[in-house]
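Structure record follows, encoded as structure tokens.
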Amino acid sequence: MSFLSDRDAETLSTVFSRRKVLAATAGGLMISPLSAFAQSAAAPGEAEITVDQARQAPIPIVVPSFGAGLGSQISSVIASDLSSTGLFKVMDGSVPPGSTPDFAGLKAQGARAAVAGQAVGSDSVRVEMRLWDVVSGQQLQGTAYTASQLNWRRIAHIIADVIYERMLGEKGYFDTRIAYIARTGPRRHQITKLALMDQDGFNQRMLTGGQWLTLTPRFNPSRDQVAFMSYANNRPRVYLFDLGSGRQQVLGTFDGISFAPRFAPDGQQVVLSATRGSGSDLYSVDLASGSKRQLTNSGGAIDTSPCYSPDGRQIVFVSDRGGSPQLYVMSASGGGAQRISYGSGQYGSPVWSPRGDLIAFTRIGGGGFSLGVMNPDGSGERILTKGFTVESPTFCPNGRVLAFCRQTASGAGGAGFSSAIGTVDITGFNERILHTGTGASDPAWSPMNG
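So the sequence shown is residues -38 to -1, 1 to 412, counted in mature numbering (1 follows the signal peptide of the UniProt record, and there is no 0).
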């Protein structure tokens, strides 16, 4: 496989903040404070436990059932979200939803925090939640959520986000989605569909029919839109997909193949790669006017896999202009490219962290793939995981976790091949596989849902 490891190789081989607890609406969801007890004396960001501390000693937290039926399902999703991080140890226990908890009993159980909640209603469900600091005996949060019963999973994810932030002092990432490529069929003749799911693998939705090879979805950070590459009508090009209407449209007009799209942080333009002769260059395309601007002049080299810095001022990309595929950083307007990768092997799939502090990448060498992170100047390179193929990294909105594609080797006739989406903490901690129901690749993590 070539260095274009986020599926560009397949192309060129053919030449959802912690919500303020004020009355507000969010996608049909009403959020309001509960005032029966005093709100927390601790302001956001004053958590006593850091993420690094929680990695060493997960926070013991009691999450009881929120009631029969739907209430039990909601608390189960909250518990699953928190457990999935490796930062919380979810414990069974009883916490009455309408009264002060038995703090002495919870302390004896070893709990550091406790949740109390209940869900009532049929067509419209109201979920009340309180979060308690068991050590201080203080209520950290008291919020009620009202929404259509169809949105019960989203309520659970938002509650988990609130708990994450109040306990760790930084925003959660559970109320988000992942776009990906669903893969079915034999290894050499797979059907690929643009797909969407919640970050925990539930609520899967196929967006395209699978008639054409489909690759590399990317979320628009400011609107409900995904850019992706499709071989529709046997002409590989970048398309825009509106998640509300299902409408698709080609992005830009190029003589050759366009691929590897990535939105600017403001969502107003897309940077992509387009073939020109034997190589490829980077272009930016304005979404409002459709005008395009050439950013690199490869002179026959391959420039690809561009990604903006979160402030929109720089772009990291892959180029073999120096003889082998390496990572470069340049101004978002083009020019001044500086190489930043100097490890052993070929680099690909760079993506900038939402925090701006790290660039994730894949590296090919030694008979396999590695996935790692480095500082934006190339220093501090760390490998997080390895495998036959590990590629297509994408950061969650708070920058703490990466999703990626993990594939296994195939035998005769493609036997034994698998393609799945995994997640791993940026320290290499808590690697997991998401259960998608089909083969999956090319994950793209959404911003927080609005």
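Think of the CB as a built atom: it goes at the ideal place given N, C-alpha and C, for glycine as much as any other residue.
Only a predicted model underlies this, so the values are computations on that prediction, with no experimental measurement involved.
Boundaries of the alpha helix (DSSP H) in which residue i is found, first to last residue
| i | result |
| --- | --- |
| W114 | W114 to L130 |
| V13 | V13 to Q18 |
| G33 | L32 to S46 |
| Q308 | Not the alpha helix (DSSP H): Q308 falls in the beta strand (DSSP E), residues Q308 to W314. |
| Q71 | F65 to Q71 |
Residue interval of the beta strand (DSSP E) (run including residue i)
| i | result |
| --- | --- |
| I277 | Q276 to S281 |
| I345 | R344 to G349 |
| K155 | I153 to D160 |
| D248 | G241 to D248 |
| L364 | V363 to Q369 |
| Q80 | A75 to G83 |
| G327 | I321 to G327 |
| S220 | S220 to F225 |
| R255 | K254 to Q256 |
C-alpha gap between residue i and residue j, whole angstroms
| i | j | result |
| --- | --- | --- |
| N195 | Q173 | 9 angstroms |
| residue 413 | I143 | Only positions -38 to 412 of the chain appear in the structure, and residue 413 is not among them; the question remains open. |
| T398 | S220 | 28 angstroms |
| P58 | M410 | 31 angstroms |
| N165 | M159 | 5 angstroms |
| A299 | P268 | 12 angstroms |
| R167 | F190 | 16 angstroms |
| V24 | G99 | 14 angstroms |
| G7 | G131 | Here the model assigns G7 a pLDDT of 38, short of 50, so the residue's position is not dependable, and the following value carries that caveat. If you take the alpha carbons of G7 and G131, they lie about 4 angstroms apart. |
| S42 | I395 | 14 angstroms |
| Q1 | R128 | For Q1, the predicted model reports a pLDDT of 42, less than 50, meaning its position is unreliable; a value from the coordinates is still stated below. Taking the straight line joining both Cα atoms gives about 12 angstroms. |
| S408 | K348 | 25 angstroms |
| Y290 | S281 | 7 angstroms |
| N392 | V212 | 39 angstroms |
| I383 | A66 | 42 angstroms |
| F28 | K51 | 18 angstroms |
| C367 | A402 | 7 angstroms |
| M292 | Q276 | 6 angstroms |
| R145 | P355 | 18 angstroms |
| K254 | L346 | 36 angstroms |
| V233 | V363 | 24 angstroms |
| P179 | L68 | 46 angstroms |
| F(-2) | R92 | Any reading at F(-2) must be qualified, since the residue scores a pLDDT of 40, below 50, and its modelled position is unreliable; the value itself is stated next. Going by the C-alpha atoms only, they are around 9 angstroms apart. |
| S207 | L169 | 11 angstroms |
| A294 | F225 | 12 angstroms |
| A(-15) | A109 | Interpretation of A(-15) is limited by its pLDDT of 30, a score under 50 that renders its predicted location unreliable; the figure taken from the coordinates is listed afterwards. For A(-15) and A109, the distance between alpha carbons rounds to 12 angstroms. |
Reference residue i; option with closest CA among the options
| i | options | result |
| --- | --- | --- |
| L249 | Q231, G262, A236 and S240 | Q231 |
| residue 426 | V82, A75 and Q18 | No answer is possible for residue 426: it lies beyond the span of the chain, which begins at -38 and ends at 412. |
| G171 | T12, S341, L320 and L156 | L156 |
| R139 | R92, P183 and E132 | P183 |
| G48 | G342, W407 and I388 | I388 |
| residue 438 | K51, A106 and T154 | No answer is possible for residue 438: the residues shown for the chain start at -38 and end at 412. |
| Y135 | M53, T385 and E353 | T385 |
| G390 | C367, R344, A377 and P359 | R344 |
| R149 | P272, S372 and G72 | S372 |
| P338 | Q369, A374 and R301 | R301 |
| W94 | S61, Q111, Q161 and D228 | S61 |
| A222 | Y245, D204 and G229 | Y245 |
| Q187 | D228, T154, I153 and H151 | D228 |
| D265 | T108, L175, F279 and S84 | F279 |
| A236 | N259, G252 and S251 | N259 |
| A78 | L102, D217, V87 and F181 | L102 |
| D404 | T154, Y270 and D217 | T154 |
| F181 | C358, G297 and A377 | C358 |
In DSSP terms, what residue i is bridged to
| i | result |
| --- | --- |
| V52 | I23 |
| C269 | V278 |
| Y107 | I(-8) and V89 |
| T385 | A365 and R394 |
| G340 | DSSP output for G340 lists no bridge partner at all. |
| M410 | Partner(s): none; M410 has no beta bridge. |
| T237 | S242 |
| I264 | S242 |
| S332 | R325 and K348 |
| Y290 | F279 and R301 |
| F357 | L364 |
| Q401 | The displayed chain sequence assigns Gly, not Gln, to residue 401. According to DSSP, G401 bridges with R145. |
| Q231 | D248 |
Closer than 7 angstroms: residue i CB and nearest the ligand FMN heavy atom
| i | result |
| --- | --- |
| V363 | Among the ligands in the structure shown, none appear at all, so the ligand FMN cannot be discussed. |
Segments of 3+ residues assigned as beta strand (DSSP E) that fall wholly inside the segment 130 to 215: Taking only runs of at least 3 residues, the beta strand (DSSP E) segments lying wholly in the segment 130 to 215 are 139 to 146, 153 to 160, 176 to 181, 187 to 192, 199 to 204 and 210 to 212.
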